[in-house]
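These protein sequences, in sequence, are chains Z and V. Throughout the first sequence, residue numbering follows the working numbering, covering 1 to 419 in sequence. Throughout the second sequence, residue numbering follows the working numbering, covering 420 to 1032 in sequence. Using N, Cα and C, we set each Cβ at its ideal position, and we do this for glycine too.
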Amino acid sequence: MNSISAEIICAVATPEGTSALSVIRVSGKGSLELLENIMSLEKNRLKGMRRAVGRISEEGRIVDEAVAVSWPEGRSFTGEEMVEITCHGIPKSIRKIMEILIRNGARRAEPGEFTRRALANGRLNAVQIIALAALWDMEKDRKVFIGETEESCRELLNDIERARETVEGIIEFGETHLDGDDENISSVFNELIASAKYFTRKASYIEKISRVMIMGPTNSGKSTLFNELTGKNGALVSDEPGTTRDGSTSYLELSGRRIQLCDTAGTDGHGLDRTASEAVIEGLDGTERVIWMSVGGKISPPDGLRKRAGEIIEIAAKSDLIDEKEIEQLLNISSVSGEGLEELKKILSRVPGSMSLSGAAERIEESIKESHNFISSQEYDIAAELLREAEIESRRIVGKGENIQLSVERALAGMCVGK
Amino acid sequence: MKDEWDVIVIGGGHAGIEAALAARRKGCSVVLISATINRIGEMSCNPAIGGIAKGTIVREIDALDGSMARSADATTLHFRMLNRRKGPAVWGPRVQSDAAEYASVQQLYIENSGVEILEDEVTSLDGLTEKVTGVRCRKTGSIKGKTVVLAVGTFLKGRLFRGDELWKGGRIGDISADSLEKDIVKRMFHVERFKTGTPPRIIRSTVNTEEMEVQPSEVTDFTFSYGKSRQRDKEEVCYITHTNRSTMDIAKKNLHRSPLMAGRIEGTGPRYCPSYEDKVVKFPDRQRHRIYVEPMGCESGFFYLNGLSSSLPREAQEKMVRSLPGFGSAEISDYGYAVEYSYFHFSEIDDTLRLKKTENVFVAGQICGTSGYEEAAGLGVIAGANAGRTAQSLEAMSLSRMNSYIGVMIDDIVNKGADEPYRMFSSRAENRLHLRQDNADRRLYKTADMFGILSGEKRDLLTGNMKEAEIIRNVLEREMVDGVPLSKWCRRVGVSAEKAIAATNSLVDKDEKVLMSVILDEKYSGYIDRNLRRYESRRNLEKISLREIGSFMDIDEICWEAREVLERRKPETLAHAEKLAGVRPTDLQGLLIYLGRQRSTWNNSSPELVRSE
């Protein structure tokens, strides 16, 4: 058995959405130690084939209580050190756990990477392969990519290649053969950053339409906020079929992200209102975000809501009426003065990080921006490295192979140099 | 003459010298055969060593205990660290050397090393191609050797061109190894033709340098060698001038007389080192090209015109030179010319630089399809060391592209080949942030030691540096700045090595060069680790063979586009498949599934996809 990769990979093994339990798999040398660390287990607790219960916490706050099951090298699915974390099936906490894993040295697995490692290590037997193949056939039918988004990634890749040509040209010949040819570098980067942002937006757009519910006690300004977001300031895309404009659902687009916004009845109402409000809470599947608003932020969301919502954004409404901003950490909103609205929009347009495509898009955008910073501090070497990483990532997305030498060859071919 | 030598080196250029010295350090008896022994170590083209990536190769050669770095240090006239404001990973040390002094210093190294020098022309290899017994020389006859290193540069059927003039030779004033080329072709080796060229040399006293921009030397304590060598006192400046409209017009008017344009040269020339007339054709809109005016030596009466390589007729070259500012009444001492020569196709060479058809012939330098002194010398060390190892019945070794530019170069030329003379660029190395000029000693120590080509003195020096580096690394991990260890703090945007050193006072007693180098290791470590991991996972995919797949078109598990690409390219391993455009990660998984299915129907046991090593 030759155990292979040094890299630790992680992935959620169960389907997206809310469920009682969910499983995250971690594989690669060092996985056991990584889990011992983030679950605050004593050293070597997971050594061998073990099972341990622990709390995954971050900055003192408990994210989830989970069970870790470990396999030693040579005896796991992939043949490497491996851990399966069984945690609660709440999308938000799954996302958090993934983030913690990544921050501590793992990286998100590529599609099929667990299987690939298992095969490379000679770990799969015939039965397992046939079972996997059946799954694979189902998977094949699922279309992930949509034309326009793919196109935007291809354009981004072109721009990355162009930027690399410029930067590599400056590194190889800037000193000896170029007379101030590097002035266009900032315009190259400006265009590049713009197309990276565009792709990030496209990627998150196709991956998920985010549902946002506005909730709170009566007369806290929910409908006003709804109108504010959809009518005056939000770009109205279309009405939900079958509902009327004065109804309670609207689609809007914020920074390229599609959002379905729902206004709801007050949670403290009576009779029909109360029934409606309870039905809304019952209907939440854990992926929605809830804007919870009350005057001055004085009323907290009910426990039932906390349990069912994906994320709660608490708002202190009618801030123009409140003299003292008593609860500092809440977002203060006033529809009259317009205070806080922009910030709320920013929060709403934020992309959840666990999506594969938008996650990759964000990483590309981040690398490019960072690269630009390094150019500004005259660290072209690191800037070029970050661009290369961005290129590898975007090539993976559009399936162009990793032969990235080409762009550099082209860059140098265009240079007029020599003795 | 000995009855049988361990290693016979053919050629006394930059590759041949390093090959002979490396084999000698390995403890072998070595004879170096050159057609003109007083030209051993000559700088046939520009009087300069180093540059971006090339300068790093020179330092790698020193880490392998070669001579190029020390000789360059000893003969420096002018020094510049290129790319100082682009980040330390792409710094490129470059010197102007006194060309004549350089050759004599190199000759001295050879003489003192105990390498036997023989002036003769090698006309053929001796014995069976599978295992040669030595070489045959024109005057001396047969010379027996356990191994042979071919380092004949541009001499294999060398043809020189200038305008309508054509003559035989590997370089002006030298012979062409026509008989040897015939023998090589007869032995069914696949050779092809490349071309390169050189600019005219100018009589210094006929040039008015006042009309040119001065480029002074940097004052520095830099040395290429990690040893105790010192740079010679720098006594020269370089000048910069530019071509203009009329230079271009002259070239255009004479284009039809260029041997290349007239179709008399078939070989491909270096794209990155084109002749001036090439540039005029390729960049018709650009009237101004920069020309570096470089002194050939300290007391030399000649200038080298870097940027004006040409094989146009003499009178055209003269007019072109005189159109340059400061060159109005310049006299040419040697006219530029082009040379066309044979080299071994990449499929003939393995990654230890052995010719695959033979057990004991190694190659280095331009006959591998490269260009440049530094590239040649780098290959020379490895070919010489491996010839030595083979003569001693030890296994030949190869370098990793993760650890050195020499490794990148060998990997590139033996696996990808080149459609033009291969010049090293920093951007060819995916692990560039690691392959720096400051850390070649530590990067290559293990390799050099395994090769067994370090002298005792060099080894002591290098292990000393390694120990110092370890101590420094511990300090960096201990010292806190802004609440984080210095080793992490230095990774931030805009934090230079100098800044990091200034942030603490517990490093004052450390060796400054090693200190800077270790800090840079830390600064770049995140990126370097990622590259190594990427490289490792690529190697894992290499273990999965696709050779048993008859037709990719029938594989339902992958998309049509990928099937077509795979069918056309027939990759041998999964790693190869991954590199192909049109093959996505999901297709790779599909391939695996397919392979697994096949195996399970072939035999009902566990599939063994991994090729045993």
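Residue i: CB within 7 Å of a non-hydrogen atom of the ligand GTP
i: Arg847 (chain V); result: Ligands are entirely absent from the displayed structure, and the ligand GTP is therefore not among its contents.
Chain Z residues whose Cβ lies nearer than 7 Å to that of residue i
i: Gln736 (chain V); result: The contacting residues do not exist; Gln736 (chain V) stays about 15 Å from chain Z at best.
i: Ala418 (chain V); result: With chain V represented from 420 up to 1032, any question about residue 418 (chain V) goes unanswered, as that position is not in the structure.
9 Å Cβ cut-off: residues of chain Z touching residue i
i: Tyr946 (chain V); result: Ile382, Glu385, Leu386 and Glu389
Closer than 8 Å to chain Z by CB, residue i
i: Ser730 (chain V); result: no
i: Gly1015 (chain V); result: yes
i: Gln634 (chain V); result: no
i: Ile471 (chain V); result: yes
i: Leu585 (chain V); result: no
i: Leu1011 (chain V); result: yes
i: Val656 (chain V); result: no
i: Arg663 (chain V); result: One detail in the question is off: residue 663 (chain V) reads as Asn in this sequence, not Arg. Not one chain Z Cβ lies under 8 Å of Asn663 (chain V).
i: Gly474 (chain V); result: no
i: Asn959 (chain V); result: yes
Within-8 Å CB hit, residue i to chain V
i: Gly359 (chain Z); result: no
i: Ser377 (chain Z); result: yes
i: Phe199 (chain Z); result: no
i: Met138 (chain Z); result: Note that Met138 (chain Z) has pLDDT 40, beneath the 50 cutoff, so the model's placement of it is unreliable and no number is given.
i: Ile171 (chain Z); result: yes
i: Ala11 (chain Z); result: no
i: Asp141 (chain Z); result: In this prediction, Asp141 (chain Z) has a pLDDT of 34, which is less than 50 and means its spatial position is unreliable; nothing more can be read from the coordinates.
Contact set between residue i and chain V, taken where Cβ atoms lie within less than 9 Å
i: Asn373 (chain Z); result: Val912 and Gly913
CB contact flag (residue i, residue j, <8 Å)
i: Leu451 (chain V); j: Val534 (chain V); result: yes
i: Leu818 (chain V); j: Thr866 (chain V); result: yes
i: Tyr841 (chain V); j: Thr789 (chain V); result: yes
i: Ile786 (chain V); j: Lys775 (chain V); result: no
i: Phe722 (chain V); j: Ile832 (chain V); result: no
i: Ala491 (chain V); j: Val509 (chain V); result: no
i: Leu724 (chain V); j: Ser677 (chain V); result: no
i: Ser463 (chain V); j: Arg581 (chain V); result: no
i: Met899 (chain V); j: Ala916 (chain V); result: no
i: Met293 (chain Z); j: Lys345 (chain Z); result: no
i: Gly616 (chain V); j: Ser694 (chain V); result: yes
i: Ala919 (chain V); j: Leu905 (chain V); result: yes
i: Ala806 (chain V); j: Ala438 (chain V); result: yes
i: Arg108 (chain Z); j: Ala203 (chain Z); result: no
i: Pro217 (chain Z); j: Asp268 (chain Z); result: yes
i: Val800 (chain V); j: Leu483 (chain V); result: yes
i: Ser250 (chain Z); j: Thr230 (chain Z); result: yes
i: Val610 (chain V); j: Ile429 (chain V); result: no
i: Arg741 (chain V); j: Ala735 (chain V); result: no
i: Ala441 (chain V); j: Asp425 (chain V); result: no
Under 8 Å by beta carbon: chain V residues contacting residue i
i: Gly174 (chain Z); result: Asn502 and Lys505
i: Glu7 (chain Z); result: Arg952, Glu955 and Ser956
Chain-ordered chain V contacts of residue i [CB-CB under 7 Å]
i: Ile281 (chain Z); result: Result: empty, since nearest Cβ-Cβ is about 39 Å, beyond 7 Å.
i: Ile259 (chain Z); result: By Cβ distance, chain V contributes nothing, its closest Cβ being about 30 Å from Ile259 (chain Z), past 7 Å.
i: Glu168 (chain Z); result: Ser846
Minimum Cβ-Cβ distance from residue i to chain B less than 8 Å
i: Asn822 (chain V); result: Note that chain B does not occur in the displayed structure, where the protein chains are Z and V.
Residue(s) in a DSSP beta bridge with residue i
i: Cys556 (chain V); result: V:Val541 and V:Gly560
i: Met213 (chain Z); result: Z:Cys262 and Z:Val290
Item to complete: Taking a Cβ distance cut-off of 7 Å, strictly less, list which residues of the region 826-850 of chain V are near chain Z, in chain order.
Response: Phe844, Ser845 and Ser846
Worksheet item: What are the residues of the region 848-874 of chain V that lie near chain Z, defined by any Cβ-Cβ distance shorter than 8 Å?
Response: Glu849, Arg851 and Leu852
Worksheet item: Which of the residues in the region 594-627 of chain V, read from start to end, lie with their CB under 7 Å from any CB of chain Z?
Response: Pro618
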